[in-house]
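Residue numbers (my numbering): 1 to 309.
For reference, the structure is listed below as structure tokens.
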């Protein structure tokens, strides 16, 4: 496969997942600002922008409208949903000879219908629409793609981005502490509430909910599931194994963060949650760079604030 095609497929997967994850995080925290009058809006908005890798202007107070403009509808802001939708469609155009017509039509229609402005009272509906379109794109890819290297690069991008976005969601929960959303709200935001209840059979506690989203091997949106999935994609792309260790830097870094999550006591992880989640985000960024250097070294990685930091 040409490296430019592999790179486009990798970033289609990442941008689809990034739009979905950003919509989920914004939906949770903007709803919190509406429901809890005790939360300082400026502080909460700055914390959210910081976690999402966007520098907040220091000269004035921020409101939820500023957050929506920066992280949802601004097509020039690399951290926004609109930018991710546009970038996914642009990468799909470059890989048009590889992806299915159905996936292209979904991405093209999503780009065409992405609102440039949104009424503050309608943001919840917009975020729901973004989640549905991301699920539709993922479903179309899942049902129309052969399980070859093209599929592996696409899925690798999705898994890396999903681990990063769930880590950001948990990091925002850790930053806001008691004033943040409940664990029930966090679980619902990633579609994990019913799966959690079937697993733990009780009201979500901080330990159990964090453990589920971090370490569950069966739930597809847990960080551990995503890391293990990314490792498998790399093995599918290049199945060779050396007699001693791994020569693939991306595999090595994913294995290191997986081992830390799997073998470190959950209580220690929760007590140090912001640091651990920052490490997960740093690892996903480093893995992206390692994948680029190994498989498409002649191309530039798409700009995003987190990648550039």
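Ideal Cβ positions, reconstructed from N, Cα and C, are used throughout, including at glycine.
Item                                                                                                     : Value
Whole alpha helix (DSSP H) elements within the segment 2-50, 4-residue minimum                           : 3-35
Unbroken stretches of the beta strand (DSSP E), 3 residues or longer, contained in the segment 141-215   : none
Residue 128 to residue 23 span [Cα, whole Å]                                                             : 8 Å
Ordered list of alpha helix (DSSP H) runs contained in the segment 212-243, each at least 4 residues     : 223-237
Rounded separation between residue 290 and residue 121 - CA only                                         : 42 Å
Local Cβ density within 10 Å of residue 58, reported as buried at 16 or more and exposed below that      : exposed
Rounded Cβ spacing between residue 51 and residue 26 (contact assumed at less than 8 Å)                  : In fact, because the Cβ distance is near 11 Å, the residues do not count as touching under 8 Å.
Simplified DSSP state of residue 62, which is helix, strand or coil                                      : coil
Same chain only: Cβ atoms within 8 Å of residue 322, ignoring 5 sequence neighbours per side             : Residue 322 is absent from the model: the chain starts at 1 and stops at 309.
Alpha-carbon spacing of residue 125 relative to residue 39, whole angstroms                              : 23 Å
Alpha helix (DSSP H) segment containing residue 258, residue limits                                      : 249-263
Three-pair Cβ contact test at 8 Å for the segment 232-251 versus the segment 189-199                     : no
Residue 160 beta carbon less than 7 Å from that of residue 43                                            : no
Inter-residue spacing [alpha-carbon to alpha-carbon] between residue 308 and residue 201                 : Any answer about residue 308 is weak, because its pLDDT of 40 lies below 50 and its placement is not dependable; what the coordinates show is given next. Using only the alpha carbons, I get a separation of about 42 Å.
Check whether residue 183 and residue 206 have beta carbons under 7 Å apart                              : yes
Assigned exposure category for residue 139 - 16 Cβ within 10 Å defines buried                            : exposed
Close Cβ partners of residue 106 (< 8 Å) along its chain, the five nearest in sequence each way excluded : 133, 136, 137, 140
Beta-carbon proximity list for residue 103, same chain, < 6 Å, skipping 5 on both sides                  : 140, 141
Residue burial classification, residue 297 (beta-carbon count within 10 angstroms, cutoff 16)            : exposed
Endpoints, the alpha helix (DSSP H) within which residue 280 is located                                  : 273-295
Segment limits, alpha helix (DSSP H) that includes residue 106                                           : 101-113
Endpoints, alpha helix (DSSP H) assigned at residue 89                                                   : 81-94
Residue 282 versus residue 188: straight-line alpha-carbon distance, rounded                             : 26 Å
Alpha carbon of residue 91 to alpha carbon of residue 14, nearest angstrom                               : 11 Å
Rounded C-alpha distance that separates residue 30 from residue 64                                       : 7 Å
Inter-residue spacing [alpha-carbon to alpha-carbon] between residue 74 and residue 85                   : 11 Å
Residues near residue 70 by beta carbon distance below 8 Å, same chain, minus five either side           : 49, 54, 77, 79, 80
Whole-Å CB distance - residue 163 paired with residue 226, under 8 Å assumed                             : 4 Å
Inter-residue Cα distance where the pair is residue 238 and residue 155                                  : 15 Å
Alpha-carbon spacing of residue 210 relative to residue 270, whole angstroms                             : 7 Å
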